[in-house]
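The opening position of the sequence shown corresponds to residue 1 in our numbering, with each subsequent residue numbered one higher.
Here a beta-carbon is modelled for each residue, glycine too, at the ideal position from N, C-alpha and C.
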Amino acid sequence: MNIQSVDLNLLKIFEAVYLERNVSRAAVRLELTQPSVSHGLTRLRLLFGDPLFVRTRSGVEPTVVADRIAGPVQQALRVLQTTLDEHAHFEPASSGRTFRLHMSDFGEVIFLPKLMRALLERAPGVRIETRQLGGVELAAALDSGQIDLAIGYLPVLDQGFECRHLLADEYAVIAPRHLIPSGGKGENAFNGLDFIAVTSHPQTLAILRECGLLERVKLWVPHFMVVPAILAERDFAAVAPREVVHAFSPRSRVRSFPLPALQRGMDVNLYWNRRYSGDPGHAWMRELVADLFDRERR
């Protein structure tokens, strides 16, 4: 059978007759006339090459073929109805949707616990999948829909994608407490320090370069999350966003000081493909992410 020859309305007629076991009641269920349902059954019988339903004293009974196709037909109609309903509106409490987010390892550690706690309260069936992609790869993933949302300092996405500002950050030097005097300011405060360079954050590398400190880099790592463990063992320093510093300070022996001569902003934004701006579920997740970041700043 060619699927192109199957009218969706015929499948709805099949389901109604199968459930009601009566053509007249099926017509009432579908808000159609009885002749319309009978005509639909005739077309179905021709398509399947089977009577599908045989008359009885009380109505009709399905044939073996009808019993075999009933489950798949009903499941297909339910999937289609669910898809259409979710396009029209989004019910967080009952949704089982999966959202795919791009964020750094630091973003995962700091933000994911808050997000998962909020989902447990508001949308327990919603699933989250996180990925970490490079700039060009990330843009392609947002374009194709493989990624729903990207969160972070991602200037590569400033052109061509929708954007919502989440927070403004700045950079500081982070080091073990005993290496930084309480009044330490400016570049002189880290004279003699060796540095860790975080390669996934090009702006920190640029700051090290401008300060003439690249020659003092003794360790190159891809992510921020390993830095506190290293600082606990070695007297190194690193350039990091203040949000990273604040996250590390309560549970490590590090402290920070500003870089007055190199103060610059770093905007953490939420990015998405404009094709999904009108999707109710997508819009709900964007609002939830923005609300959680807003609560963190209060």
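Give the DSSP-derived three-state secondary structure of residue i in the structure shown.
i: T56; result: coil
i: T353; result: Past the boundaries of the shown model lies residue 353; the chain is included only from 1 to 298, so the question cannot be answered.
i: G265; result: strand
i: R117; result: helix
i: G186; result: Residue placement at G186 is poorly supported in this model, since its pLDDT is 48, which falls under 50; the coordinates are not used for a value here.
i: S38; result: helix
i: H165; result: strand
i: R295; result: helix
i: E170; result: strand
i: F90; result: coil
i: Y153; result: coil
i: V64; result: helix
What is the rounded straight-line gap between the Cα of residue i and the Cα of residue j?
i: E287; j: V60; result: 51 Å
i: P155; j: C163; result: 11 Å
i: G281; j: M116; result: 16 Å
i: R68; j: D50; result: 12 Å
i: G145; j: D158; result: 17 Å
i: A93; j: A123; result: 4 Å
i: D291; j: A172; result: 26 Å
i: G186; j: G192; result: Its pLDDT being 48, under 50, G186 is placed unreliably by the model, and nothing is read from it.
i: R234; j: F111; result: 28 Å
i: L219; j: Y153; result: 23 Å
i: P72; j: G40; result: 19 Å
i: H246; j: D267; result: 16 Å
i: S38; j: E121; result: 49 Å
i: R78; j: L84; result: 10 Å
Does the beta-carbon of residue i, which I'm using as the reference point, lie nearer than 7 Å to any heavy atom of the ligand COA?
i: P124; result: The ligand COA is not part of the structure shown, which contains no ligands of any sort.
Taking all protein chains shown into account, decide if residue i is buried (16 or more other Cβ within 10 angstroms of its Cβ) or exposed.
i: E243; result: buried
i: D7; result: exposed
i: G134; result: exposed
i: N273; result: buried
i: H102; result: buried
i: L231; result: buried
i: A240; result: buried
i: E15; result: buried
i: L44; result: buried
i: A140; result: exposed
i: H201; result: buried
i: S303; result: The structure shown does not extend to residue 303, since the chain is modelled only from 1 to 298, so the question has no answer here.
Among the candidates the options, whose CA atom is the shortest distance from the CA of residue i?
i: R312; options: V28, V23, R45; result: The structure shown does not extend to residue 312, since the chain is modelled only from 1 through 298, so no value can be given for it.
i: M285; options: F48, A118, G40; result: A118
i: D294; options: N269, R274, S277; result: N269
i: Q74; options: I13, R55, G96, L41; result: I13
i: A237; options: V126, S95, S256, A247; result: S256
i: D105; options: H223, V65, G40; result: H223
i: F99; options: I128, E108, P113, T82; result: I128
i: A283; options: D169, L46, L149, D267; result: L149
i: Q132; options: L142, G125, V54; result: L142
I want to see whether chain D comes within less than 8 Å of residue i, judged by CB atoms only; does it?
i: A175; result: Protein chain content of the structure displayed is limited to a single chain, and chain D is not contained in it.
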